[in-house]
Structure formats: C-alpha cells, structure tokens
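Visitor:
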Amino acid sequence: MSTEDKSERLNTDSISEDIEQYVRIRSGDNSAFEQLFRAYAPGLASFADGYVKSIEIAEEIVQDVFLWIWANREKWTVAGDVRTYLYGATRNAALSYLRRKKLELNTGTGLAREAMNEWQEGESIDNVIIRNEVIRTIDYAISQLSEIKRTIVTLRWIHKMSYAEIAEVIQITPKAVESQLYRALNEMKVGLKGRL
Numbered sequence: 667m668s669t670e671d672k673s674e675r676l677n678t679d680s681i682s683e684d685i686e687q688y689v690r691i692r693s694g695d696n697s698a699f700e701q702l703f704r705a706y707a708p709g710l711a712s713f714a715d716g717y718v719k720s721i722e723i724a725e726e727i728v729q730d731v732f733l734w735i736w737a738n739r740e741k742w743t744v745a746g747d748v749r750t751y752l753y754g755a756t757r758n759a760a761l762s763y764l765r766r767k768k769l770e771l772n773t774g775t776g777l778a779r780e781a782m783n784e785w786q787e788g789e790s791i792d793n794v795i796i797r798n799e800v801i802r803t804i805d806y807a808i809s810q811l812s813e814i815k816r817t818i819v820t821l822r823w824i825h826k827m828s829y830a831e832i833a834e835v836i837q838i839t840p841k842a843v844e845s846q847l848y849r850a851l852n853e854m855k856v857g858l859k860g861r862l
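Numbering (this note's numbering), first residue to last: 667 to 862.
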C-alpha cells in the first residue's frame, strides 16, 4: 500500500469517526462532544492564534465555538466534514473578534515557530541566534501577505489541509487556493530576498 493510499485511508477513517461523533452530539451525547473538543481544540486554538495573536484569546474563541455547538446541538448542521466546519467556524469567530476589537494583524502568524523547536539540547548559542533570526524573518514575510494568503499558508503548512478543505473553509475554489498559495510563496520569496 502506497503512502498516499495509507494517508487517504487514515483521512477516511477520521471522517467516519467525525460523522459518528456528529450524530452522537446532535442526540446529546456529552462524551462524544468532549472527544471532539479534545481532538480539535488545540489545533483550532493554534489556528485562531494566527489571527488574534494571543493564545488565551484564541482558546476562548475555540471554547465559544464549541459552546455554541453544544447549545445548538439539536439544530447544528454540517454540510461537509466536521473538521472543515470547525476550522471555518473558528476562522469566522476570530474575524468577528477582530472586527469587534478593531484590531489589525501587524505581526506574523507564528508559522515559523510552529515549524521549528525553540532550543535543542547541546545546540550552540550561534545556532539558536541564527534560527531565531530566520524565524523572525519568515514571520515578517508571512505578516506582509494579505489575510486570505496568510490563512491559506497557515491551513496548508501547519494544519496540513488539502486544497479542497481550505477552499471549503474560506469559501473559494480549490483552484483559487492553489493560485493564491503560489502567489503567496512568490511574494514571500521576494520579501525574503537578501534577508536570509
């Protein structure tokens, strides 16, 4: 079995579990709701943090999303898969928070920090300084992207979503996702030129 086949099978199993949990939650099963929360809350909080730049606020946003789901469980409907729904709902909640607070996103998404560890035992201080400078530079390049490109880069690189899943979250076509990602990478290359 190829790696792609295994990945597809794992994704299918995950979707099946999500559908089962969705049905159980709609019928008022508290343990299914808790399982869904535990499975997705950390990733959703990290995703929301990319918008609001505060893990505490991001965690509150995610809790609000799940509280809304539980309070409205009997009429809660999901058109696609649950994972995509949760990311879309979290994105919308984070954007609503930003609109209410009139905040502007002036800093990076923290994407580079997600991809690189802070400190490796036995690592030289020179390597730590160089790595931190690379992180700041990449974060800066990401922060210069438009909101939609920042979102696409975050969903693709950190949350490992497919083009189709990203398209559903931000409500554009998969081809538009691919195009926006390509443009984002080109913009980042230009922004990083001479800085790394």
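We treat Cβ as the ideally placed atom computed from N, Cα and C, and that holds for glycine. Here the structure is a predicted model, which is why all the values come from computation and not from measurement.
Determine the burial state of Arg-765: buried for a count of at least 16 other Cβ atoms within 10 Å of its Cβ, exposed for fewer.
Guide: Residue mapping note: residue 765 aligns to position 99 of the sequence shown, counting from 1. By the 10 Å Cβ count, Arg-765 comes out exposed.
Visitor: Please check if any C-beta of chain C sits within less than 8 Å of the C-beta of Leu-752.
Guide: The chain labelled as chain C is not found in the depicted structure, where only one protein chain is given.
Visitor: How many angstroms separate the CA atom of Ala-781 from the CA atom of Arg-704?
Guide: Reading the sequence shown from its first residue, position 115 is the one you call residue 781. Reading the sequence shown from its first residue, position 38 is the one you call residue 704. At Ala-781, the pLDDT of 48 sits below 50, so the modelled position is not reliable; the number obtained from the coordinates is stated separately. Cα to Cα, Ala-781 sits roughly 22 Å from Arg-704.
Visitor: Would you identify the three-state DSSP class for Asp-747, choosing helix, strand or coil?
Guide: In the sequence shown, residue 747 corresponds to position 81, counting from 1. Looking at Asp-747 - three-state DSSP - the assignment turns out to be coil, as it is neither helix nor strand.
Visitor: Quick check on Gly-774: buried or exposed, where buried means 16 or more other Cβ atoms within 10 Å of its Cβ?
Guide: Walking along the sequence shown from the start, residue 774 turns up at place 108. Reliability fails at Gly-774, whose pLDDT of 44 lies under 50, so the model's placement of it is uncertain and the value that follows must be treated cautiously. Gly-774 comes out buried.
Visitor: Roughly how many angstroms separate the alpha carbons of Ile-810 and Ile-721, rounded to a whole number?
Guide: Looking up residue 810 in the sequence shown gives position 144. Looking up residue 721 in the sequence shown gives position 55. Per the sequence shown, the amino acid found at residue 810 is Gln instead of Ile. Distance between the alpha carbons of Gln-810 and Ile-721 is about 21 Å.
Visitor: Would DSSP call Leu-811 helix, strand or coil?
Guide: In the sequence shown, residue 811 corresponds to position 145, counting from 1. The answer is coil: DSSP assigns Leu-811 none of H, G, I, E or B.
Visitor: If you draw a straight line from the C-alpha of Asn-772 to the C-alpha of Leu-851, how long is it?
Guide: Working through the sequence shown from its first residue, we reach residue 772 at position 106. Working through the sequence shown from its first residue, we reach residue 851 at position 185. For Asn-772, the predicted model reports a pLDDT of 34, less than 50, meaning its position is unreliable and no value from the coordinates is stated.
Visitor: In chain order, what residues of the same chain lie with their CB nearer than 7 Å to the CB of Gln-736, ignoring the 5 residues before and after it?
Guide: In the sequence shown, the residue the question calls residue 736 occupies position 70. In the sequence as displayed, the identity of residue 736 is Trp instead of Gln. Closer than 7 Å at the Cβ level, and outside the excluded window around Trp-736, lie Phe-699.
Visitor: Would you check if the distance between the CB atom of Arg-749 and the CB atom of Asp-695 is smaller than 8 Å?
Guide: Here residue 749 refers to the residue found at position 83 of the sequence shown. Here residue 695 refers to the residue found at position 29 of the sequence shown. It is not a contact, given that the beta carbons lie outside the stated cut-off.
Visitor: If you draw a straight line from the C-alpha of Ile-801 to the C-alpha of Lys-855, how long is it?
Guide: Residue 801 sits at position 135 when you count from the first residue of the sequence shown. Residue 855 sits at position 189 when you count from the first residue of the sequence shown. Rounded to whole angstroms, Ile-801 to Lys-855 spans 14 Å at the Cα level.
Visitor: Suppose only complete runs of 4+ residues qualify. What are the alpha helix (DSSP H) ranges in the stretch 677-765, listed by chain order?
Guide: 696-718, 721-737
Visitor: Just to confirm, are Thr-817 and Ile-836 a CB contact at a threshold of 8 Å?
Guide: The count along the sequence shown starts at 1 and reaches residue 817 at position 151. The count along the sequence shown starts at 1 and reaches residue 836 at position 170. Taking 8 Å as the Cβ cut-off, Thr-817 and Ile-836 qualify as a contacting pair.
Visitor: Between the Cα of Phe-659 and those of Arg-797, Leu-702, Val-819, spot the shortest distance and give me the residue it belongs to.
Guide: As shown, the chain starts at 667 and ends at 862. That puts residue 659 outside it, with no answer to give.
Visitor: Give the single residue among Ala-745, Asp-730, Tyr-848, Arg-739 whose Cα lies nearest to the Cα of Leu-757.
Guide: Within the sequence shown, the letter at position 91 stands for residue 757. According to the sequence as given, residue 757 is Arg; it is not Leu. For the residues Ala-745, Asp-730, Tyr-848, Arg-739, the minimum Cα distance to Arg-757 belongs to Asp-730.
Visitor: Go through its chain and collect everything with a Cβ distance to Arg-849's Cβ below 8 Å, but skip five positions before and after it.
Guide: Position 183 of the sequence shown, counted from the first residue, corresponds to residue 849. So the list reads Lys-815, once near-sequence residues are dropped.
Visitor: Just to confirm before moving on: does the CB-CB distance between Asp-919 and Ala-724 stay below 8 Å?
Guide: With the chain running from 667 to 862 in the structure shown, residue 919 is simply not present.
Visitor: In whole angstroms, what is the alpha-carbon distance linking Asn-783 and Ile-804?
Guide: Numbered from 1 along the sequence shown, position 117 holds the residue referred to as residue 783. Numbered from 1 along the sequence shown, position 138 holds the residue referred to as residue 804. Interpretation of Asn-783 is limited by its pLDDT of 47, a score under 50 that renders its predicted location unreliable; the figure taken from the coordinates is listed afterwards. So the alpha carbons of these two residues sit roughly 15 Å apart.
Visitor: Under the three-state reduction of DSSP, which class applies to Ser-845: helix, strand or coil?
Guide: As a position in the sequence shown, residue 845 is number 179, starting the count at 1. The answer is helix: DSSP assigns Ser-845 an H, G or I state.
Visitor: Within the continuous alpha helix (DSSP H) that includes Ile-836, where are the two ends?
Guide: The residue given as residue 836 occupies position 170 in the sequence shown. Ile-836 -> alpha helix (DSSP H) spans 829-836.
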